[in-house]
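Residue numbers (the numbering used here): 2 to 493.
For glycine and all other residues, C-beta sits at the position ideal for the given N, C-alpha and C.
Bear in mind that the values here come from a model prediction, so they are computed numbers and not experimental data.
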């Protein structure tokens with residue numbers, strides 16, 4: 002598909018947006034805020050009956066006709082060459098449709114998501130999420146109610162923009178060695194699966210008003226052993242949790258939970274975490290930022306030198322230009338979110354803050370209590386004139402952020418000092434107590450020795466007295482007998 006085939010008009014006619022939207026626009030639907038979109042490990046292909054939904058609602062199996070489908074990447078800028086792994090994924094999904102293997106709709110989540118099969122029909126090669134089947138979108142397969150203002154399930158997001166954010170997350174997940182388009186590497190630091198925008202025509206999607214071509218994100222299907230919801234986080238490697246935290250903080254992810262972090266074991270048995278579902282990243286505000294890993298002990302560990310080097314290499318302005326190069330001219334609010342979150346990550350990490358400490362500044366404790374980063378933004382806005390430039394605003398925010406971060410560091414140092422003093426006093430008290438105990442024990446032992454000696458000396462004295470008394474008594478008895486016997490002798 003060429004750029005001429007795509008209407009580069011924004012969702013809801015906003016001039017600052019340049020999403021890849023087809024000429025056939027769609028309406029949005031409202032929904033309660035507690036819904037979540039996530040894709041979990043699907044059933045095996047062999048266990049899924051290949052079916053499509055007929056117009057009368059009856060599920061019928063059928064073999065696909067060759068002219069029933071089309072699948073092509075959406076390319077706005079011909080200079081933005083797709084990585085080979087993305088080309089292979091698109092080609093495999095297209096071959097699967099050509100071989101008569103229809104999309105398999107996921108039973109999970111609140112939006113339309115389809116597992117695309119390869120030519121053999123015995124494996125999945127990608128996950129397709131059409132724009133018009135997102136939660137609260139017009140053709141959502143779950144029939145969620147329409148939204149009057151087009152707001153997504155998370156604050157600061159819009160219905161129909163989820164696919165853009167899915168692709169943006171992959172583009173901005175730079176490899177360790179540099180930008181993907183420069184170094185040629187295909188796997189990024191956080192491991193977001195390769196993702197691209199495609200247009201696809203197939204009757205197997207949800208078409209309540211007639212079969213039409215759909216545009217959406219296609220993400221490579223990744224073999225996995227389940228999600229982080231399936232097991233406790235205690236066994237997750239620290240560096241794996243840290244790489245997810247870096248991505249989520251940068252993108253101000255509003256929907257990171259255990260269900261959208263897949264896990265698998267590599268050839269050495271090491272657990273590898275795979276982040277998916279980024280349709281609610283890069284919101285226009287920080288109100289709904291949600292990071293599941295805040296509750297994991299690994300988030301309280303310091304970043305490694307390798308991770309710190311990666312964080313230092315990040316450049317928000319370069320990222321904004323890169324997304325524009327790929328066809329998304331970000332609105333001011335979204336670009337500001339990326340600038341602020343990247344600044345916070347870099348400043349916090351440079352000061353030695355942990356993922357927990359940085360992430361905690363971005364998430365609300367309650368629905369009504371604003372996060373620290375929201376308070377920083379308000380302070381910076383109050384410090385500048387209404388018509389000030391974005392660069393001037395970011396300078397003001399940088400000063401505000403430095404102040405709050407330095408206060409946090411000072412507080413932590415004071416707490417550390419207090420802890421050190423308390424521990425030192427406890428140690429000194431313990432040593433003093435042990436010394437007193439030793440002296441007391443020595444005194445008790447000395448007292449015991451004295452008592453034993455006195456007892457021994459007293460026993461010997463009593464023994465001698467008893468012998469003397471016994472001798473005196475014997476002499477007295479002898480004299481008494483002698484006095485009684487003397488008269489008789491005289492009579493004789």
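Which listed residue (the options) has its alpha carbon closest to that of residue i
| i | options | result |
| --- | --- | --- |
| residue 300 | 312, 243 and 231 | 243 |
| residue 121 | 84, 97 and 251 | 97 |
| residue 239 | 217, 191, 215 and 230 | 191 |
| residue 377 | 366, 394 and 78 | 394 |
| residue 75 | 442, 445 and 329 | 329 |
| residue 406 | 177, 346, 457 and 428 | 346 |
| residue 325 | 217, 439 and 166 | 166 |
| residue 105 | 222, 349 and 84 | 222 |
| residue 77 | 197, 129, 128 and 91 | 197 |
| residue 162 | 181, 138, 179 and 144 | 138 |
| residue 248 | 270, 287, 174 and 118 | 174 |
| residue 340 | 327, 357, 322 and 356 | 322 |
| residue 194 | 250, 444 and 245 | 245 |
| residue 296 | 69, 257 and 449 | 257 |
Backbone secondary structure at residue i - three-state DSSP
| i | result |
| --- | --- |
| residue 211 | coil |
| residue 273 | strand |
| residue 393 | helix |
| residue 253 | coil |
| residue 407 | helix |
| residue 412 | helix |
| residue 163 | helix |
| residue 25 | For residue 25, the predicted structure reports a pLDDT of 38, less than 50, and the residue's modelled location is therefore unreliable. A value from the coordinates is still provided. Looking at residue 25 - three-state DSSP - the assignment turns out to be coil, as it is neither helix nor strand. |
| residue 176 | coil |
| residue 191 | coil |
| residue 354 | coil |
| residue 373 | helix |
| residue 300 | helix |
| residue 235 | helix |
| residue 398 | helix |
| residue 278 | coil |
| residue 78 | coil |
| residue 432 | helix |
| residue 447 | helix |
| residue 439 | helix |
| residue 286 | coil |
Host alpha helix (DSSP H) of residue i (start-end)
| i | result |
| --- | --- |
| residue 326 | 317-326 |
| residue 71 | Not the alpha helix (DSSP H): residue 71 falls in the beta strand (DSSP E), residues 71-74. |
| residue 349 | 333-351 |
| residue 308 | 306-313 |
| residue 90 | 85-99 |
| residue 202 | That residue, residue 202, is in no alpha helix (DSSP H); its beta strand (DSSP E) goes 196-202. |
Beta-bridge pairing of residue i - partner residues as DSSP gives them
| i | result |
| --- | --- |
| residue 228 | 263 |
| residue 106 | 115 |
| residue 125 | 118 |
| residue 130 | 218 |
| residue 381 | Paired residues: none, contrary to the question. |
| residue 152 | 159 |
| residue 292 | 257 |
Opening and closing residue of the beta strand (DSSP E) in which residue i lies
| i | result |
| --- | --- |
| residue 367 | Unbroken run through residue 367: none, as it is neither H nor E. |
Worksheet entry | Stretch-stretch touch, CB-based, cutoff 8 Å, three pairs: the stretch 298-317 with the stretch 278-288 | no
Worksheet item: Do the stretch 265-277 and the stretch 221-233 make contact, defined as three or more Cβ pairs closer than 8 Å?
Response: yes
Discussion item. Closer than 8 Å is the cut-off here; do at least three beta carbon pairs connect the stretch 313-323 with the stretch 191-210?
Written reply: no
Worksheet item: Taking three-plus beta-carbon pairs below 8 Å as touching, is the stretch 87-102 in contact with the stretch 110-128?
Response: yes
Practice prompt. Would you check if the stretch 132-139 and the stretch 205-221 touch, i.e. whether three or more CB-CB distances between them fall below 8 Å?
Written response: yes
Item to complete: Determine contact between the stretch 348-362 and the stretch 398-417, defined as no fewer than three beta-carbon pairs at a distance below 8 Å.
Response: yes
Discussion item. With a threshold of 8 Å, are at least 3 pairs of Cβ atoms found where one atom belongs to the stretch 169-179 and the other to the stretch 141-152?
Written reply: no
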